[in-house]
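Asks:
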Amino acid sequence: MRTDTEIRHEGVATLIKTLGPVEAERFIALINRERLDYTEWRRNQWLEETVASLADKARKLRSASKE
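Take the sequence shown: its letter number 18 is residue 17 in numbering that gives the first Met the number 0, and every next letter is one higher.
See below:
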């Protein structure tokens, strides 16, 4: 099992890789500033998506990460 510090480090590294350093910092500030209802966020996150479209996106991400 990884430590909390290891998980934080990987999470921040992933944010920076995905968003870039400035937007990663903004994202963290938004999460800290606004009260986040994770359950509600997840419930509304994929409203416009189908299972097939999400599966297609997952396949594309997996292929891109193997390149």
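In this text, a Cβ means the ideal position worked out from N, Cα and C, and glycines have one as well.
This one's a predicted model, so the numbers in the text were calculated from it and none came from an experiment.
With respect to the alpha helix (DSSP H) encompassing residue 5, which residues constitute its N-terminal and C-terminal limits?
Replies: Position 6 of the sequence shown, counted from the first residue, corresponds to residue 5. Here the alpha helix (DSSP H) through residue 5 covers 3-18.
Asks: Alpha carbon to alpha carbon, what distance is there between residue 39 and residue 57?
Replies: Within the sequence shown, numbered from 1, the residue matching residue 57 stands at position 58. Within the sequence shown, numbered from 1, the residue matching residue 39 stands at position 40. Rounded to whole angstroms, residue 57 to residue 39 spans 22 angstroms at the Cα level.
Asks: Note the first and the last residue of the continuous alpha helix (DSSP H) segment covering residue 40.
Replies: As a position in the sequence shown, residue 40 is number 41, starting the count at 1. Looking at the DSSP string, the run of the alpha helix (DSSP H) that includes residue 40 is 37-44.
Asks: State the Cα-Cα distance for the pair residue 34 and residue 43, rounded to the nearest angstrom.
Replies: Along the sequence shown, one-based indexing puts residue 34 at 35. Along the sequence shown, one-based indexing puts residue 43 at 44. In a straight line, the C-alpha of residue 34 is about 16 angstroms away from that of residue 43.
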